[in-house]
Amino acid sequence: MTDDLEKIVTAIPGPRSLELGEALRSHESRNVTYIARDFPVFWESAEGALVIDADGNRFIDCTGAFGVATTGHANPAVAKAIADQAALLPHGMGDVHPSAIKAELLEALAALLPIGNPKTYLCTTGAEAVEWALKTAFLATGEPYALSFGGAYHGLTLATLEVGGIPKFRMPFRKLLREKTSFTLFPDPRDPKALEKSLDAIGKTLRRDSAIGAVIVEPIQGRAGVMVPPDGFLRGLSGLCKENDVVLIVDEIYTGLGRTGSMFAFEREEIVPDIVCIGKALGGGFPISAAIARGEIAQAWPLSDGEALHTSTFLGNPMGCAAALANLGEIERLGIARIAAEREPLLKDRFETIARFNPAVEHVRGRGMLWAIEFKSATIANTVVLRALQRGLLLLQSGIAGECVTFAPPPIISAGQLRRAFDIVVSIVRDMEAAV
Ligand code: PLP
Numbered sequence: 038m039t040d041d042l043e044k045i046v047t048a049i050p051g052p053r054s055l056e057l058g059e060a061l062r063s064h065e066s067r068n069v070t071y072i073a074r075d076f077p078v079f080w081e082s083a084e085g086a087l088v089i090d091a092d093g094n095r096f097i098d099c100t101g102a103f104g105v106a107t108t109g110h111a112n113p114a115v116a117k118a119i120a121d122q123a124a125l126l127p128h129g130m131g132d133v134h135p136s137a138i139k140a141e142l143l144e145a146l147a148a149l150l151p152i153g154n155p156k157t158y159l160c161t162t163g164a165e166a167v168e169w170a171l172k173t174a175f176l177a178t179g180e181p182y183a184l185s186f187g188g189a190y191h192g193l194t195l196a197t198l199e200v201g202g203i204p205k206f207r208m209p210f211r212k213l214l215r216e217k218t219s220f221t222l223f224p225d226p227r228d229p230k231a232l233e234k235s236l237d238a239i240g241k242t243l244r245r246d247s248a249i250g251a252v253i254v255e256p257i258q259g260r261a262g263v264m265v266p267p268d269g270f271l272r273g274l275s276g277l278c279k280e281n282d283v284v285l286i287v288d289e290i291y292t293g294l295g296r297t298g299s300m301f302a303f304e305r306e307e308i309v310p311d312i313v314c315i316g317k318a319l320g321g322g323f324p325i326s327a328a329i330a331r332g333e334i335a336q337a338w339p340l341s342d343g344e345a346l347h348t349s350t351f352l353g354n355p356m357g358c359a360a361a362l363a364n365l366g367e368i369e370r371l372g373i374a375r376i377a378a379e380r381e382p383l384l385k386d387r388f389e390t391i392a393r394f395n396p397a398v399e400h401v402r403g404r405g406m407l408w409a410i411e412f413k414s415a416t417i418a419n420t421v422v423l424r425a426l427q428r429g430l431l432l433l434q435s436g437i438a439g440e441c442v443t444f445a446p447p448p449i450i451s452a453g454q455l456r457r458a459f460d461i462v463v464s465i466v467r468d469m470e471a472a473v
């Protein structure tokens with residue numbers, strides 16, 4: 038075993054993780070962290086695609102920490118930029134006396150997207166970016182409702198839940214929601230008629246309901262289990278939005294910045310969205326997100342009279358801007374999109390082989406370095422995640438009912454680490470035959 042592979046030195050979770058679990062049980066709000074005898078491990082440090090826990094166990098990370106770590110955990114250029122900025126100016130007055138570095142990041146983001154005269158709103162979480170996008174669409178069209186998709190995940194704040202298509206998250210709070218979003222089916226990659234059926238339903242809904250001002254879509258649904266729509270879906274959707282004067286919001290918070298083999302997943306379909314939301318990978322681990330709108334749409338906001346209608350304390354935080362600038366540089370220097378595209382055929386081949394020989398597997402799908410295995414049940418998916426953890430591999434359960442396991446390592450993962458990750462997955466999935 039070499040230093041860049043997994044190494045398990047205690048029972049999993051180890052004694053320190055169990056102790057920390059008890060501390061969380063005592064002090065953290067009940068619904069946040071799932072704590073059990075066999076889950077989770079507490080992370081203490083990380084480097085590249087490796088994570089070291091509080092007991093000194095080393096794991097190969099195939100979660101990318103929710104897809105964030107594309108340029109590697111603790112990327113040195115990002116870490117240095119944050120540390121330098123922290124010593125110089127850790128906080129500015131985002132919308133009053135902004136930091137100089139905010140202007141630099143806005144310029145860099147404008148150059149990144151094929152959007153005319155782009156105007157950007159900087160924020161901290163993905164959900165905030167989506168909230169701004171929804172408000173912008175409303176101001177631009179005057180129409181208060183949106184069309185979204187079954188399985189959609191755009192965050193868990195109230196406005197993002199309103200357009201969220203996963204019942205588990207909506208149901209406990211439905212009385213707080215307007216429940217005015219029109220949901221249509223996201224095209225199922227397994228159904229050959231899906232494209233036609235989905236576009237037909239969307240077209241009918243948009244023509245019928247003139248109070249819909251926005252369509253919000255993930256180019257590949259992430260939380261729902263990496264649902265990759267058929268080719269032509271985004272192009273068709275974009276056409277329908279134009280025909281019906283509806284703002285198209287493309288949520289690239291999970292898929293953006295190289296993970297799926299192009300800088301943005303929508304680029305494959307050669308469309309130009311009205312608004313693009315990015316987050317997760319933007320700050321290389323520092324919380325920063327952005328929504329970027331076509332100038333014509335963003336124009337709907339009045340000029341600030343000194344009291345911004347939509348802002349937040351940490352808008353354009355200088356450390357976040359420094360982290361994002363350094364990380365965009367790393368995404369470019371390391372060729373994250375190119376690596377993800379080049380590795381796609383290998384991942385496709387390995388996952389399809391897993392699907393072919395294992396009856397516990399229902400379906401595999403993905404693009405670039407974002408894949409999911411759909412199992413016959415959530416119980417099987419959960420067992421796979423737990424067994425992988427025991428073996429030193431971090432995986433994330435996903436899917437609307439928890440029936441999937443997402444595989445989203447940092448694209449910079451070494452060939453040896455990737456090979457080992459597959460060996461572990463293959464051997465665990467093979468053992469799952471007994472469970473079917
Ligand atoms: N949009 C998508 C596509 C996401 O995957 C997520 C988070 O997983 C969000 C929005 C919400 O981002 P955040 O958790 O940073 O609010």
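FYI, in our numbering the residues of the sequence shown are 38 to 473.
Even glycine gets a Cβ: it sits at the ideal position worked out from N, Cα and C.
Where V46 is concerned, there is no enclosing alpha helix (DSSP H), because DSSP gives it neither an H nor an E. For G357 against F323, the beta-carbon gap comes to about 5 Å, under 8 Å, which counts as contact. Distances from the CB of E180 to the heavy atoms of ligand 1 are all 7 Å or more. The nearest non-hydrogen atom of ligand 1 is 7 Å or more from the C-beta of R424. Judged by DSSP secondary structure, V167 falls within the alpha helix (DSSP H) whose first and last residues are 163 to 178.
Ligand 1 has no heavy atom closer than 7 Å to the beta-carbon of I315. Distances taken from the Cβ of D386 to the heavy atoms of ligand 1 include none shorter than 7 Å.
Of the residues assessed, K212 falls on the exposed side of the cut-off, its CB having fewer than 16 other CB atoms within 10 angstroms. Residue side-chain check: F220 keeps its Cβ at 7 Å or more from all non-hydrogen atoms of ligand 1.
Just measuring C-alpha positions, the residue of I49, V283, F303, P135 sitting nearest T292 is F303. Within the stretch 395 to 420, complete beta strand (DSSP E) segments of at least 3 residues are found at 398 to 404, 407 to 412, given in chain order.
Where E141 is concerned, the enclosing alpha helix (DSSP H) starts and stops at 137 to 147. W80 has its alpha-carbon roughly 13 Å from the corresponding atom of G429. Taking a contact to require three or more Cβ pairs closer than 8 Å, the stretch 140 to 159 and the stretch 253 to 261 do not qualify as touching. Counting the other Cβ atoms within 10 Å of the Cβ of R387 gives 16 or more, which makes it buried. Secondary structure remark: continuous beta strand (DSSP E) runs of at least 3 residues inside the stretch 264 to 294, in chain order: 284 to 288. The Cβ atoms of I203 and Y190 sit closer than 8 Å to each other. By the 16-neighbour rule on beta-carbons within 10 angstroms, L195 is exposed.
Distance from the CA atom of L214 to the CA atom of T173, rounded to whole angstroms, is 19 Å. The three-state secondary structure of G187, taken from DSSP, is coil. Of the heavy atoms belonging to ligand 1, none sits nearer than 7 Å to the Cβ of Y158.
Between the alpha carbons of P224 and P256 lies a gap of roughly 11 Å. Between L150 and I290, the C-beta gap is not smaller than 8 Å, which leaves the two residues out of contact. Contact check for I391 against I410 passes: the beta carbons are separated by less than 8 Å. T47 and D92 have their C-alpha atoms some 7 Å from each other.
Its chain contains L346 as the residues whose beta carbon lies nearer than 8 Å to that of P339, once the 5 sequence neighbours on both sides are disregarded; these appear in chain order. Nearest Cα to P229 within the set I249, F270, A335: F270.
With respect to G320, A361 sits close: the two C-beta atoms are nearer than 8 Å. A Cβ-Cβ separation of about 20 Å leaves S464 out of contact with D41 under the 8 Å criterion.
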